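Each residue of the sequence shown is one higher than the one before, starting from 12 at the first, in the working numbering. By construction, the Cβ of each residue, glycine as well, lies at the ideal position given by its N, Cα and C atoms. The structure presented is a predicted model; accordingly, all values stated were derived computationally and were not measured.
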Amino acid sequence: MISESSTNSPPLWLDCDTGHDDALAILLSAQHPSVNLLGISTIYGNASLPNTTHNTRAILKAINREDVPVFIGASKPFCRVTVAAPDIHGESGLDGTTCLPTPTVPARIDITAVEAMYRALIAQPPNTAYLVATGACTNIALLFAVHPELAEHIAGLSIMGGAIGGGFSNAPMGIVHGEGERFGNWTPFAEFNIYIDPESASSIFSNPVLAKKTTLIPLDLTHQFLATKQVQDGLLHGFDHIGHDQSQLKIPMVRKLFHEILTFFAKTYADVFGLNEGPPTHDPLAVAALLFPEAFHDNDGERYTVQVITEGEHGSSDQIRAGGSQCGRTVATLLLPLSEGVRIPRSLERARLWHILDECLARAG
Numbered sequence: 012m013i014s015e016s017s018t019n020s021p022p023l024w025l026d027c028d029t030g031h032d033d034a035l036a037i038l039l040s041a042q043h044p045s046v047n048l049l050g051i052s053t054i055y056g057n058a059s060l061p062n063t064t065h066n067t068r069a070i071l072k073a074i075n076r077e078d079v080p081v082f083i084g085a086s087k088p089f090c091r092v093t094v095a096a097p098d099i100h101g102e103s104g105l106d107g108t109t110c111l112p113t114p115t116v117p118a119r120i121d122i123t124a125v126e127a128m129y130r131a132l133i134a135q136p137p138n139t140a141y142l143v144a145t146g147a148c149t150n151i152a153l154l155f156a157v158h159p160e161l162a163e164h165i166a167g168l169s170i171m172g173g174a175i176g177g178g179f180s181n182a183p184m185g186i187v188h189g190e191g192e193r194f195g196n197w198t199p200f201a202e203f204n205i206y207i208d209p210e211s212a213s214s215i216f217s218n219p220v221l222a223k224k225t226t227l228i229p230l231d232l233t234h235q236f237l238a239t240k241q242v243q244d245g246l247l248h249g250f251d252h253i254g255h256d257q258s259q260l261k262i263p264m265v266r267k268l269f270h271e272i273l274t275f276f277a278k279t280y281a282d283v284f285g286l287n288e289g290p291p292t293h294d295p296l297a298v299a300a301l302l303f304p305e306a307f308h309d310n311d312g313e314r315y316t317v318q319v320i321t322e323g324e325h326g327s328s329d330q331i332r333a334g335g336s337q338c339g340r341t342v343a344t345l346l347l348p349l350s351e352g353v354r355i356p357r358s359l360e361r362a363r364l365w366h367i368l369d370e371c372l373a374r375a376g
């Protein structure tokens, strides 16, 4: 059970490109009682910026948190051509549901997303506020470039992105078009969020002040957190009702919404990656790793340096994606014990985290 008191809620800012798994990150950060969600900034990625902004507002409407301010962030990478993922999330970024409400509160346009992030985070006491990024690193890279002092001020940064490979975990990564095993999801080497703006990601990981405060949630971890059929049914009916007669249950609309989100996500991951057990639910883990660090296991404190490769061919054509370019790859190097560096968990407590998300749905509905 969720038992934390909201009186000591850590302040958190979420930067996201709302698609199917980002919706669960919003749910966790907006409906968990131990979080003070300061605001959300949007970014291109899973879909166009107008679509990801609309999706963010719609999810907040669905979970009864339209009081959370939304700010419009970057529409393109620092120096690359914009790439989207319609084969995974659909053209809207949230295809596959008939339950998404029409948002009624507009996004804020009085200040930029970067300035909104800065003002909200710097207003908190030192070493208390957290920043979570579940899309490209463009917004957060610009934030720390314009306001470098913020790196010392925040308590932590959590990023969903990257792929380590090399046996880092035993997570199932899937096979694309008969290519064989891989550890990236956009190319054989690179994960989508890092790939679409590798220069911005590189600027984050090369900042020594930020690196020691950063948790990286790579595909090697998120592919252990699959939304199986049992999970999908549990979120639809409530995990407490699994194995009982559900015929008389009235299912809240918000549960129907998230069930449809996950069933669509499951189909695309089965079609594209051959992952038939269920889709990896990446983004809520970036929030959960800050709230429940004990549920993420890092071999008793392993820390890493992370280098992002920015050289090589880059683009969205099938030829480039299937080629040998390692652009966008995250290369993690293990540091000596007790060194300061990026935290990259290797495993997690799946059942506990799914039950926490179920409790957040109960609060939302």
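Look up residue i in the DSSP assignment and say whether it is helix, strand or coil.
i	result
residue 164	helix
residue 371	helix
residue 206	helix
residue 16	Low confidence applies here, because residue 16 scores a pLDDT of 32, under 50, leaving its location unreliable and the question unanswered by this model.
residue 33	helix
residue 128	helix
residue 123	coil
residue 309	coil
residue 246	helix
residue 291	strand
residue 3	No information on residue 3 is available, as it lies outside the stretch 12 to 376 that the chain covers here.
residue 216	helix
residue 337	coil
residue 83	strand
residue 170	strand
residue 28	coil
residue 349	coil
residue 23	strand
residue 358	strand
residue 180	coil
residue 231	helix
residue 376	coil
When you compare each of the options to residue i by their alpha carbons, which one comes out closest?
i	options	result
residue 366	251, 92, 78 and 169	251
residue 369	320, 266 and 289	266
residue 376	238, 261, 283 and 22	261
residue 321	344, 213, 25 and 93	213
residue 197	154, 56 and 348	56
residue 142	128, 194, 97 and 174	128
residue 137	355, 21 and 373	21
residue 319	345, 340 and 312	340
residue 170	150, 178 and 135	150
residue 245	227, 356 and 269	269
residue 105	355, 124, 271 and 125	271
residue 60	33, 227 and 28	28
residue 26	313, 349, 317 and 295	295
residue 153	140, 179 and 126	126
Enumerate in chain order the residues of its own chain whose CB-to-CB distance from residue i is below 7 Å, with the five nearest sequence positions on each side excluded.
i	result
residue 324	331, 334, 336 and 338
residue 15	Unreliable placement is indicated for residue 15, whose pLDDT of 37 sits below 50; the coordinate value is still reported in the next sentence. 44 and 45, listed in sequence order.
residue 223	351 and 352
residue 96	57 and 203
residue 162	155, 218, 220 and 221
Starting from residue i, follow the beta strand (DSSP E) in both directions and report where the run begins and ends.
i	result
residue 47	47 to 53
residue 380	Because the chain spans 12 through 376 in this model, residue 380 falls outside it and cannot be assessed.
residue 64	No beta strand (DSSP E) contains residue 64, which is instead part of the alpha helix (DSSP H) from 60 to 73.
residue 144	141 to 144
residue 329	Residue 329 -> not in any beta strand (DSSP E); alpha helix (DSSP H) instead, spanning 329 to 333.
residue 319	315 to 319
residue 227	225 to 228
Quick one: what's got a C-beta closer than 6 Å to residue i's C-beta in the same chain, skipping five residues either side?
i	result
residue 37	70
residue 64	53, 83 and 118
residue 276	31 and 290
residue 175	229, 231 and 343
residue 195	174, 201 and 202
residue 347	none
residue 85	54, 149 and 150
residue 47	20 and 22
What residue range is occupied by the uninterrupted alpha helix (DSSP H) comprising residue i?
i	result
residue 283	264 to 284
residue 237	Element bounds for residue 237: n/a, residue is neither H nor E.
residue 93	Neither: residue 93 is in no alpha helix (DSSP H) and is coded neither H nor E.
residue 157	149 to 157
residue 385	Outside the displayed range of the chain (12 to 376) lies residue 385, so it cannot be described from this structure.
residue 221	219 to 222
Take residue i and list the residues in its own chain whose beta-carbon comes closer than 8 Å to its own, dropping the five residues that flank it on each side.
i	result
residue 113	69 and 72
residue 280	99, 185, 286, 289, 290 and 291
residue 42	74, 76, 371, 372, 374 and 375
residue 91	207, 208, 209, 210 and 325
residue 253	241, 244 and 245
residue 148	170, 172, 204, 205, 208, 211, 212, 214 and 215
residue 12	Here residue 12 scores only 25 on pLDDT, less than 50, and its place in the model is too uncertain to base an answer on.
* Stretch-stretch touch, CB-based, cutoff 8 Å, three pairs: the stretch 156 to 170 with the stretch 296 to 311 -> With a cut-off of 8 Å on Cβ pairs, the stretch 156 to 170 is in contact with the stretch 296 to 311, counting three or more such pairs.
* Three or more C-beta pairs closer than 8 Å, one from the stretch 286 to 297 and one from the stretch 231 to 248: is that the case here? -> The stretch 286 to 297 vs the stretch 231 to 248: in contact.
* To do: Tell me, please, whether the stretch 143 to 158 touches the stretch 273 to 286 by the rule of three or more beta-carbon pairs shorter than 8 Å.
  => The stretch 143 to 158 is not in contact with the stretch 273 to 286.
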